[in-house]
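Numbering (full-length UniProt numbering), first residue to last: 1 to 435. Notes to accompany the following structure.
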């Protein structure tokens with residue numbers, strides 16, 4: 001019988017999350033190019049970007065329910081199939097609906113990776129869950145760094161001084177995702193998997209579902225809406241919100257993601273010292289400060305603001321999942337995946353709402369009765385193009401101002417969580433009474 005090699009399983013998990021991240025980062029980098037190529041407005045771009053976040057919660061919640069039935073291996077092989085199909089369809093997309101469908105397929109693949117890998121990592125490292133989840137999730141911002149460098153590098157090398165930029169460069173950027181996709185698909189197909197921690201501990205399925213009604217889990221799900229929106233909406237719309245702030249807006253995302261990588265790589269001592277809830281409180285404070293600075297700072301100072309924001313969001317996702325894994329373990333894989341699914345669902349709704357709001361702000365800033373599509377397609381250097389850029393410069397900060405409310409609310413919520421957890425005399429375990 002083949003033995004379980006947790007090191008290889010962990011590495012393969014990290015590689016699958018890298019593909020998930022590349023899909024976010026590369027899409028963020030080519031979002032404007034797709035809009036120009038297929039004549040899409042802000043609302044349509046917001047809907048396409050949000051589609052990945054619809055597929056994600058669908059897959060992660062269904063995956064959390066069936067993972068103990070069909071096993072983590074079959075789920076991850078299906079993730080590979082959806083990733084491969086979604087990438088190929090994106091490369092050969094010819095309009096709104098093909099982009100919509102391809103992004104949905106990639107979102108389903110991304111959610112399936114999370115549905116399998118979060119419980120997998122928790123099961124492989126039962127004595128150090130939050131730290132290892134941080135190490136696993138550092139590959140998400142690492143992928144953002146790699147993807148933004150891919151987009152920036154291809155633009156610099158192949159499209160320098162060319163206007164408009166050839167769309168095949170965007171297709172080439174998407175195609176780079178095929179390499180890690182094929183590798184992780186091969187690795188997972190040959191490795192032996194363990195059962196989930198909940199199954200190993202002997203907690204029944206009925207007990208797991210009863211535990212899902214725990215008020216603390218419901219509270220964390222609500223907070224996950226806010227942490228995910230703060231992190232993922234801002235990152236995904238970087239190139240749109242900051243296009244007129246700097247010539248290389250996508251580099252802002254690179255700065256943010258680089259700080260996230262470093263933070264998660266060295267998360268162990270921080271988590272052990274402050275516990276997940278303490279880290280979450282500090283993260284909310286820094287996130288709010290970072291967004292405020294990105295609104296009000298200009299020029300090169302925007303990159304300093306990006307560093308502060310990156311420190312804020314670095315621990316949000318892994319510490320939210322780690323908190324549930326450590327304090328509500330009886331909720332099993334479903335509990336972990338409800339947290340992730342809630343986050344992505346919240347982002348998808350917010351993206352659609354803010355896409356429409358972005359267009360509405362732009363219309364208000366243009367001359368009365370202006371046709372937004374006409375201004376968007378105006379030739380470079382024309383008066384209409386200048387007016388369009390001015391409207392974008394005004395719309396970006398207003399969108400961020402609205403988003404700033406969310407981390408401010410999280411500061412209050414996590415301060416209450418810290419106080420609540422201090423009243424507990426012992427850490428929750430499988431044989432302890434749940435919170």
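In this text, a Cβ means the ideal position worked out from N, Cα and C, and glycines have one as well.
Compute the distance between the beta-carbons of residue 457 and residue 145, then report whether it is under 8 Å.
No answer is possible for residue 457: the residues shown for the chain start at 1 and end at 435.
Comparing C-alpha positions only, which one of 423, 15, 390 sits nearest to residue 367?
In the chain shown, the residue the question calls residue 367 occupies position 367. When each option's Cα is compared against that of residue 367, the closest is 390.
Return the CA-CA distance between residue 403 and residue 295, expressed in angstroms with no decimal places.
Here residue 403 is taken as the residue at index 403 of the chain shown, counted from 1. Here residue 295 is taken as the residue at index 295 of the chain shown, counted from 1. Spanning the two alpha carbons is a distance of roughly 11 Å.
What residue from 89, 101, 81 has the CA that sits closest to residue 47's CA?
Along the chain shown, read from residue 1 onward, the residue named residue 47 stands at position 47. That would be 101, whose Cα lies nearest to the Cα of residue 47.
Quick check: the Cα distance between residue 7 and residue 13, rounded to an integer number of angstroms?
Numbered from 1 along the chain shown, position 7 holds the residue referred to as residue 7. Numbered from 1 along the chain shown, position 13 holds the residue referred to as residue 13. Using only the alpha carbons, I get a separation of about 10 Å.
Please determine if the stretch 321-334 and the stretch 210-223 are in contact, where contact requires at least 3 C-beta pairs separated by less than 8 Å.
The stretch 321-334 vs the stretch 210-223: in contact.
For residue 316, is the classification buried or exposed, using 16 other Cβ atoms within 10 angstroms of its Cβ as the cut-off for buried?
Residue mapping note: residue 316 aligns to position 316 of the chain shown, counting from 1. Under this definition residue 316 is a buried residue.
Quick check on DSSP: helix, strand or coil for residue 366?
The residue given as residue 366 occupies position 366 in the chain shown. DSSP, reduced to helix, strand and coil, places residue 366 outside both helices and strands of the structure shown, so it counts as coil.
At 4 residues or longer, what runs of the alpha helix (DSSP H) sit wholly inside the stretch 96-166?
For secondary structure counted as the alpha helix (DSSP H) over 4 or more consecutive residues, the stretch 96-166 holds these complete runs in sequence order: 96-124, 129-137, 139-158.
Determine, using beta carbons only, whether residue 130 and residue 276 come nearer to each other than 8 Å.
For this step, residue 130 is matched to residue 130 along the chain shown. For this step, residue 276 is matched to residue 276 along the chain shown. Their beta carbons are under 8 Å apart, which means residue 130 touches residue 276 by this criterion.
Whole-angstrom Cβ separation of residue 9 and residue 89, contact assumed at under 8 Å?
As a working mapping, residue 9 is identified with position 9 in the chain shown. As a working mapping, residue 89 is identified with position 89 in the chain shown. 29 Å between Cβ atoms; not a contact.
So, is residue 236 buried or exposed, given that buried needs 16 or more other C-beta atoms within 10 angstroms?
Within the chain shown, numbered from 1, the residue matching residue 236 stands at position 236. That one is buried.
Same chain, Cβ closer than 6 Å to residue 187, five either side skipped, listed in chain order
Numbered from 1 along the chain shown, position 187 holds the residue referred to as residue 187. For residue 187, where only same-chain residues beyond five positions count, the Cβ hits under 6 Å are 12.
Own chain partners of residue 398 with C-beta closer than 7 Å, once the 5 adjacent residues on each side are dropped
The sequence position of residue 398 within the chain shown is 398, counting from 1. Cβ within range, chain order: 361.
DSSP three-state call for residue 317: helix, strand or coil?
Your numbering for residue 317 matches position 317 in the chain shown. In the structure shown, residue 317 adopts helical secondary structure according to DSSP, grouped into three states.
Residue range of the unbroken alpha helix (DSSP H) whose run includes residue 54:
For the purposes of this step, residue 54 is identified with residue 54 of the chain shown, where counting begins at 1. 42-70 is the span of the alpha helix (DSSP H), which, as asked, contains residue 54.
Helix, strand or coil: which one does DSSP assign to residue 424?
Here residue 424 refers to the residue found at position 424 when the chain shown is read from its first residue. Residue 424 sits in coil when the DSSP states are folded into three classes, being neither helix nor strand.
Considering only the alpha carbon of each residue, which of 220, 413, 423 lies closest to residue 336?
Indexing the chain shown from 1 puts residue 336 at position 336. Closest option to residue 336, Cα to Cα, is 220.
Classify residue 292 as helix, strand or coil using the three-state DSSP reduction.
Residue 292 sits at position 292 when you count from the first residue of the chain shown. It is helical.
Distance, residue 106 Cα to residue 81 Cα
Along the chain shown, read from residue 1 onward, the residue named residue 81 stands at position 81. Along the chain shown, read from residue 1 onward, the residue named residue 106 stands at position 106. Between residue 81 and residue 106, the C-alpha separation is close to 10 Å.
Buried or exposed: residue 198, going by 16 or more other Cβ atoms within 10 Å of its Cβ?
If you number the chain shown from 1, residue 198 lands on position 198. Here residue 198 is buried: its Cβ has 16 or more other Cβ atoms, across all protein chains shown, within 10 Å.
Straight-line CA distance for residue 60 to residue 52?
Numbered from its first residue, the chain shown carries residue 60 at position 60. Numbered from its first residue, the chain shown carries residue 52 at position 52. C-alpha separation (whole angstroms): 12 Å.
Classify residue 348: buried if its beta carbon has 16 or more other beta carbons within 10 angstroms, exposed otherwise.
By 1-based counting over the chain shown, the position of residue 348 is 348. Taking all protein chains in view, the Cβ of residue 348 is crowded by 16 or more other Cβ atoms within 10 Å, so the residue is classified as buried.
Give the C-beta separation of residue 142 and residue 279 to the nearest angstrom, bearing in mind that I take them to be a contact with Cβ-Cβ under 8 Å.
Taking the chain shown and counting its residues from 1, the one referred to as residue 142 is at position 142. Taking the chain shown and counting its residues from 1, the one referred to as residue 279 is at position 279. Contact doesn't hold; Cβ gap of about 19 Å is too wide.
Kindly confirm or deny that the stretch 176-184 and the stretch 291-306 touch, where touching means at least three C-beta pairs closer than 8 Å.
Using a C-beta cut-off of 8 Å, the stretch 176-184 makes no contact with the stretch 291-306, since fewer than three inter-stretch Cβ pairs fall below that distance.
On the premise that residue 86 lies in contact with residue 75, defined as a C-beta separation below 8 Å, what is that separation, rounded to the nearest angstrom?
Taking the chain shown and counting its residues from 1, the one referred to as residue 75 is at position 75. Taking the chain shown and counting its residues from 1, the one referred to as residue 86 is at position 86. Contact between residue 75 and residue 86 fails: their C-beta atoms lie close to 16 Å from each other, not under 8 Å.
So what does DSSP say about residue 213, is it helix, strand or coil?
Counted from its first residue, the chain shown places residue 213 at position 213. Coil, per DSSP.
Hey, residue 137 and residue 318 are a contact pair by Cβ (cut 8 Å); roughly how many whole angstroms apart?
For the purposes of this step, residue 137 is identified with residue 137 of the chain shown, where counting begins at 1. For the purposes of this step, residue 318 is identified with residue 318 of the chain shown, where counting begins at 1. The Cβ separation is near 4 Å, so the contact holds.
Under a Cβ-count criterion, where at least 16 other Cβ atoms within 10 Å of its own Cβ denotes burial, should residue 353 be classed as buried or exposed?
Within the chain shown, numbered from 1, the residue matching residue 353 stands at position 353. It counts as exposed.
Where the alpha helix (DSSP H) through residue 25 begins and ends:
Locating residue 25 in the chain shown gives position 25, counting from the first residue. Where residue 25 is concerned, the enclosing alpha helix (DSSP H) starts and stops at 6-37.
Pull up the distance between the alpha-carbon of residue 122 and that of residue 394, whole angstroms please.
The residue given as residue 122 occupies position 122 in the chain shown. The residue given as residue 394 occupies position 394 in the chain shown. Taking the Cα positions, residue 122 is about 44 Å away from residue 394.
Roughly how many angstroms separate the alpha carbons of residue 303 and residue 209, rounded to a whole number?
Residue 303 sits at position 303 when you count from the first residue of the chain shown. Residue 209 sits at position 209 when you count from the first residue of the chain shown. In this structure, the straight-line span from the alpha carbon of residue 303 to that of residue 209 is close to 45 Å.
Tell me the rounded alpha-carbon separation between residue 5 and residue 15.
Start at 1 with the first residue of the chain shown, and residue 5 comes out as number 5. Start at 1 with the first residue of the chain shown, and residue 15 comes out as number 15. Straight through space, the alpha carbons of residue 15 and residue 5 are spaced by roughly 16 Å.
Residue 204: first and last residue of the uninterrupted alpha helix (DSSP H) it sits in
Start at 1 with the first residue of the chain shown, and residue 204 comes out as number 204. Unbroken run through residue 204: none, as it is neither H nor E.
Would you report the Cα separation of residue 20 and residue 109, rounded to the nearest angstrom?
Residue mapping note: residue 20 aligns to position 20 of the chain shown, counting from 1. Residue mapping note: residue 109 aligns to position 109 of the chain shown, counting from 1. Rounded to whole angstroms, the separation of the alpha carbons of residue 109 and residue 20 is 8 Å.
Identify which residue in 226, 37, 251, 418 has its Cα closest to the Cα of residue 156.
Looking up residue 156 in the chain shown gives position 156. A check of alpha carbon separations from residue 156 across 226, 37, 251, 418 identifies 251 as the nearest.
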